[in-house]
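K.L.:
Supplied in structure tokens, the structure appears directly below.
What follows is the structure, encoded as structure tokens:
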């Protein structure tokens, strides 16, 4: 009856099979002017494209500014590898003092990471980054002017606290403001800036090595203060995390930030409702909805939270106990053992290491949201295992030969390159993604503590262990640990590509063991089911 009311002509046409040409005639007959309609659609599409481009640029800028603190960590790591040679000469420190000076920054930064988690929940993500920059700046200034080893250590301790604050909060902030489709790439930015800082540190070593030994290392350390100026500027540009704003019940402000960071306006309310739900509930089915103290919950976790902690804490520890900081901090000593004696050649070779480390992080940025997190982790951990084994062989069988020097340089560059492709950036991405909203900052801080402790243990013991069992023996140990990391990734790290932070949380709420294929299939089935339900309605 409805068809007859609209006109019998339409009913007649509907009974005739339409070919391609007839179909387009039919469409034209229903429109007053096809080209006019086309002109109406194009501006809409252009507007949407402009909005998407503007949104991506805005999130990109936020990620860059939030990552500036990581330049400080990278610069300190890189510059200290060369500066320590001249500090030894100027302040007459022992080898044990050298290990303490190099490694204490990583150990003490765990205090900053722990404090950073609590500060970011109380003060906000972006102002915690500001505190990190101020504390590091004070420490760097004290180190620059230090007349003795003791004063140098005081500055080193303050710098470590500042770095601890900055390193744990940047990935959390970026993950919370980034759209799902590009979250992996943006959350990798802190690792890019760490690598950029390391490269700048190596270049600074080489550039200022010609000065007097009393002056050159001070200039090297003083240059590290400069990024803090840009961080102060950034604080007045970047917004607060929308998820933190929700936790503070500042819903309108959170919506305003989401409108700037999500391409499609219709998705804003959907994402906001997901965040509100995540902020107001526990992480396990059947848990008491009343608030528990965050640290009490972390110390007495539910099964799902326990799986998150094992994954997050484990991947952070494996990032460091495979010896990356030994390779970066002590690359001059490693290459000297291989057979390079001249200081200028040593520092020039470390620049090559920094270039390789920085270039390959860009590969990870391009691939992390396309191929996923786990494939990059597999390539990274397997590649590092091969390079660590090659370095151990070069230092044991070919030490002092041209072949040994070439193999050592190739192995060191290969190791840092494979690190940058996968476990370097992906470690921080995974840790910032997997934890529930109200636990995210402090749980991520706990992971950062594991990272910094392992880094400190490696940095503070490398020379002593190498003296006891040889440098080649030390790298054979790193090789075995790296093999173990491959198994850890296979068994305990999920694929999080393409999922919102709230969806990732659901992955860990299953009681049974899971693997990547089961997760992807389950997500696909849920998506199809939801679409069918919507179609039925």
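In my numbering, the protein residues as written are 750 to 1286.
Here a beta-carbon is modelled for each residue, glycine too, at the ideal position from N, C-alpha and C.
Could you check where the alpha helix (DSSP H) with residue 914 kicks off and where it finishes?
P.N.:
898-926
K.L.:
According to DSSP, is residue 1182 helix, strand or coil?
P.N.:
helix
K.L.:
Report buried or exposed for residue 1022, applying the criterion of at least 16 other Cβ atoms within 10 angstroms of its Cβ.
P.N.:
exposed
K.L.:
Put residue 886 into one of helix, strand or coil per three-state DSSP.
P.N.:
helix
K.L.:
Grab me the residues of residue 788's own chain with a C-beta within less than 8 Å of its C-beta, minus the 5 sequence neighbours each way, in chain order.
P.N.:
Its pLDDT being 44, under 50, residue 788 is placed unreliably in this model, and the value from its coordinates should be taken loosely. No residues qualify anywhere along the chain.
K.L.:
Rounded to the nearest angstrom, what separates residue 1100 and residue 952 at their Cα positions?
P.N.:
6 Å
K.L.:
Report the rounded CA-to-CA distance for residue 814 versus residue 804, giving the unit in angstroms.
P.N.:
16 Å
K.L.:
Residue 1289 to residue 1110, Cα distance in whole Å?
P.N.:
With the chain covering 750 to 1286 only, the question about residue 1289 has no answer from this structure.
K.L.:
Where does residue 806 land, buried or exposed, given buried means 16+ other C-beta within 10 angstroms?
P.N.:
exposed
K.L.:
For residue 1034, is the classification buried or exposed, using 16 other Cβ atoms within 10 angstroms of its Cβ as the cut-off for buried?
P.N.:
Caution is warranted here: a pLDDT of 39 is assigned to residue 1034, below 50, making its placement in the model unreliable, and the coordinate value is therefore given only provisionally. With fewer than 16 other Cβ atoms within 10 Å, it is exposed.
K.L.:
Where does the unbroken alpha helix (DSSP H) through residue 968 begin, and where does it stop?
P.N.:
965-971
K.L.:
For the candidate residues 1094, 1062 and 1236, whose alpha-carbon lies nearest to that of residue 1123?
P.N.:
1236
K.L.:
Please tell me whether residue 1167 and residue 1219 are closer than 8 Å, where the distance is taken between their beta carbons.
P.N.:
no
K.L.:
If you follow the alpha helix (DSSP H) that residue 832 is part of, which residue opens it and which one closes it?
P.N.:
817-840
K.L.:
Would you tell me roughly how many angstroms separate the C-alpha atoms of residue 1180 and residue 961, rounded to the nearest one?
P.N.:
Residue 1180 and residue 961: Cα-Cα distance of roughly 44 Å.
K.L.:
Assuming residue 1098 and residue 1158 are in contact, meaning their beta carbons sit under 8 Å apart, how far apart are those beta carbons, in whole angstroms?
P.N.:
6 Å
K.L.:
Since residue 1002 is in the alpha helix (DSSP H), which residue starts that stretch and which ends it?
P.N.:
1000-1010 is the span of the alpha helix (DSSP H), which, as asked, contains residue 1002.
K.L.:
Could you spell out where the alpha helix (DSSP H) holding residue 714 opens and where it closes?
P.N.:
What the structure shows of the chain is the stretch from 750 to 1286, and residue 714 is not part of that stretch, so it cannot be assessed.
K.L.:
Residue 1087 to residue 1096, Cα distance in whole Å?
P.N.:
Between the alpha carbons of residue 1087 and residue 1096 lies a distance of about 14 Å.
K.L.:
Excluding the five sequence neighbours on either side, which residues of its own chain have a C-beta within less than 8 Å of the C-beta of residue 1017, listed in chain order?
P.N.:
1004, 1007, 1008 and 1011
K.L.:
Among the residues of its own chain, which have a CB less than 6 Å from the CB of residue 963, if the five just before and after it don't count?
P.N.:
For residue 963, the CB contacts under 6 Å within the same chain, skipping 5 residues up- and downstream, are 839 in chain order.
K.L.:
Suppose contacts are defined by Cβ-Cβ distances below 8 Å. Is residue 939 in contact with residue 1049 by that definition?
P.N.:
no
K.L.:
Which residue wins for smallest C-alpha separation from residue 853, given the options 1175, 908, 870 and 931?
P.N.:
908
K.L.:
Give the secondary structure of residue 1015 by DSSP, where H, G and I count as helix, E and B as strand, and everything else as coil.
P.N.:
helix
K.L.:
Taking 6 Å as the limit between beta carbons, can you name the residues of its chain near residue 992, skipping five residues before and five after?
P.N.:
Within the same chain, 925, 1024 and 1186 come within 6 Å of residue 992 by CB-CB distance, once the 5 residues on both sides are set aside.
K.L.:
If you reduce the DSSP assignment to three classes, tell me which class residue 856 lands in.
P.N.:
Of the three classes helix, strand and coil, the one that applies to residue 856 here is helix, per DSSP.
K.L.:
What's the call for residue 936, buried or exposed, on a 16-neighbour Cβ count within 10 Å?
P.N.:
buried
K.L.:
Buried or exposed for residue 1082, please, with buried defined as at least 16 other CB atoms from any protein chain shown within 10 angstroms of its CB.
P.N.:
buried
K.L.:
What are the complete alpha helix (DSSP H) segments, minimum 4 residues, inside the stretch 1095-1170?
P.N.:
1122-1146 and 1151-1170
K.L.:
Please say whether residue 834 and residue 850 have beta carbons closer to each other than 8 Å?
P.N.:
Cβ atoms of residue 850 and residue 834: not closer than 8 Å.
K.L.:
Specify the secondary structure class of residue 1081 as computed by DSSP and reduced to three states.
P.N.:
helix
K.L.:
Give every residue of the same chain whose Cβ lies closer than 6 Å to the Cβ of residue 943, excluding the five residues on either side of it in the sequence, and list them in chain order.
P.N.:
819, 822 and 823
K.L.:
Count the other CB atoms, across all protein chains shown, that sit within 10 Å of the CB of residue 1143; report buried if there are 16 or more and exposed otherwise.
P.N.:
It is buried - the Cβ of residue 1143 has at least 16 other Cβ atoms within 10 Å.
K.L.:
Along the chain, where does the alpha helix (DSSP H) containing residue 934 start, and where does it finish?
P.N.:
932-936
K.L.:
Roughly how many whole angstroms lie between the Cα atoms of residue 974 and residue 1117?
P.N.:
31 Å
K.L.:
Taking only three categories from DSSP, how would you classify residue 870?
P.N.:
helix
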